[in-house]
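Sequential numbering from 247 applies to the sequence shown in my numbering.
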Amino acid sequence: MKPIEGDFEMTLDTAFTGYADPALHAEGLYIGGKWEAGTGIPVTDPSTGKTLAEVPDASIEDAMRAVDAAEAAAAGWRRTPPRQRSEILRRWFTLMTDHAEELALLISIENGKALADARGEVAYAAEFFRWYAEEATRIGGEFRHTPSGAHNILVDHEPIGIAVLITPWNFPAAMATRKIGPALAAGCTVILKPASETPLTAYAMVRLGAEAGVPPGVLNVLTTSNPGPVTAAMLADPRVRKLSFTGSTGVGRTLLAEAAKTVVNCSMELGGNAPFVVFDDADLSAAIDGAMVAKMRNGGEACTAANRFYVQSGIHDAFVEGLTQRMAALKLGAGYDPDTQCGPMITTKAVDKIDRLVSEAKDRGARATTGGAPLDSSGYYYPPTVLENVPTDASLAHEEIFGPVAAIYRFETEEEAIRLANATEYGLAAYVYSRDIMRAMHVGRGIETGMVGINRGLMSDPAAPFGGAKQSGLGREGGVTGILEFMEPKYFAVEF
Ligand code: NAP
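This is how it looks when you write it as structure tokens:
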């Protein structure tokens, strides 16, 4: 483990200018195309614990004004030709790309992730605008003859209506564009509520959206310290027809119950607990490379993060040794320090949770081959950690770790690997490593998840349907189907 040097304090005033300047994006709520000044929610630099800026704290009344603004813009946006909607999204993509370095810095400052991860996120996030700029012009329908020959079936896809979009802090840009892109392409107007920990990135992107030509009211953004009642009020308004949420399974359950009251259509991207299965016949070095990506992208703070490493007996010791070496060599530090490979966690609460899970596993016989305890620092650091000999019923195997901890379990047979991989309420992502593609596909089919990486540690791609089975969610984002989450099919029975 490389030691932490100093307290990672960079001079904020000089390092972060232009779009990377936190103060620029703390100007206010964005409702009906206007900025409304306010304060109330402090934004913290997780590498130092210091406050960077304050953003406004929207009330229920503010949220209802955002619904009014979305309603006022709805008819015009719905009628805007798809080509025009497409060109606005495409300009937004270009602007994000032009400002990529500043946006990446801003993400690093407020989220803590390493600059390399933040750069990757900006590229990924912008790509949703390019992809949905293209999809906007390909919205189709369906025409069929009824088997009886009595009439014809014509299916149109209409924009579903005003959409409330709620996003988490771990991908502050990409989780927003993955919703805004398809919603605007479909012809919906939206209200985005970003996470309280990382609102500056959302506000920065809105600025670019306005510059790209998104009309007033089509996109509204508000931050609030009172997300439950504010969201409930918006969902209770009959003009709101869609909730697209990304976050924890616990909050997702609460929101599904809230949305049930007015039968609002929901897309839910929830928590994960991904298994990473390595067979004896895997390419060891490829498996370790893949494990580093699947585990350490975003410092482990990803819904797709590999949480449970199931490694077959014959390759187990070599895998533990190889992964330990790579994890121990990572440089920990402030995300915005270009040398950093693993940044701080988002909050002290996150560090405490990791500490609780690791301590419990160690008490029950797990051994840390590197890391294994929090660091003494004013920032929210937890070191890259590898644990072997973890009991399969440890809390670590069932709760989302959301941190740089690789828990390794030994297995013998294919059936055992599938059974262990499925022993969770989650079903988002899984990874399988084997040189035998038949076996890898068979195991991939047996694992109950929405996504499987075969000999690959990274699966996210705007062109692919992202989403989970079981309690990891409902619906899919990205790909050709992502836009349908924001459209209502309308069937016309036509006789002619
Ligand atoms: P979270 O606590 O569920 O918060 C997510 C968002 O919901 C935030 O904007 C939060 O606002 C808001 N929120 C919290 N309570 C709410 C309520 N009662 N009503 C309405 N909104 C509410 O999740 P998180 O800690 O930010 O993010 C981590 C979780 O997201 C992990 O479980 C991770 O797996 C999941 N995730 C899933 C995906 C996916 O695609 N499946 C992607 C990324 C992350 P505040 O910030 O103001 O509390």
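Just so it is clear, CB atoms sit at the ideal spot from N, CA and C, and this is done for glycine as well.
Nothing here was measured: the structure is a model prediction, and the numbers come from that model.
Only buried fits Lys425, as 16 or more other CB atoms lie within 10 angstroms of its CB. Relative to the Cα of Asp303, the nearest Cα in the group Tyr276, Leu666, Asn416 belongs to Tyr276.
Taken through DSSP and simplified to helix, strand or coil, Ala272 comes out as coil. Of the residues Ala362, Pro328, Pro462, the one whose Cα lies closest to the Cα of Ala312 is Pro462. An exposed status is given to Glu662, since fewer than 16 other beta-carbon atoms sit within 10 Å of its beta-carbon. Counting along the chain, the unbroken alpha helix (DSSP H) around Tyr370 starts and ends at 361-382. For Trp281, there is no enclosing alpha helix (DSSP H); the enclosing beta strand (DSSP E) covers residues 280-282. Counting of Cβ neighbours within 10 angstroms places Pro630 among the buried residues, the total reaching 16 or more. At a cut-off of 8 Å, the beta-carbon of Cys549 counts as near the ligand NAP: some heavy atom of the ligand is closer than that. In the structure shown, the three-state DSSP call for Ser559 is helix. Between Thr444 and Asn357 the beta-carbon gap is near 5 Å, inside 8 Å, which marks them as a contact.
Minimum Cα-Cα distance from Gly568 among the listed residues Gly474, Tyr582, Leu349, Asp529 corresponds to Asp529. Its chain contains Gly673, Leu674, Gly713, Gly714, Ala715, Ser718 as the residues whose beta carbon lies nearer than 7 Å to that of Gly696, once the 5 sequence neighbours on both sides are disregarded; these appear in chain order. In this structure, DSSP gives Ser513 an extended state, which the three-state scheme calls strand. Straight through space, the alpha carbons of Met538 and Ala575 are spaced by roughly 12 Å. Straight through space, the alpha carbons of Gly690 and Tyr626 are spaced by roughly 36 Å.
Here the segment 340-359 makes no contact with the segment 496-503; the two share fewer than three CB pairs at distances below 8 Å. Listed in chain order, the alpha helix (DSSP H) runs fully inside the segment 575-636 are 594-609, counting runs of at least 4 residues.
Shown here, Leu501 sits in a helix according to DSSP, grouped into three states. Nearest in C-alpha terms to Gly295, of all of Val523, Leu516, Thr593, Asn635, is Thr593. With contacts defined as CB atoms closer than 9 Å, Tyr378 and Ile729 qualify as a contacting pair. The continuous alpha helix (DSSP H) containing Ala321 extends over residues 306-325. Relative to Ala432, the option among Ala420, Trp415, Pro418, Ala409 whose CA is nearest is Ala409. Of the heavy atoms belonging to the ligand NAP, none sits nearer than 8 Å to the Cβ of Met733. The ligand NAP has a heavy atom closer than 8 Å to the beta-carbon of Leu516.
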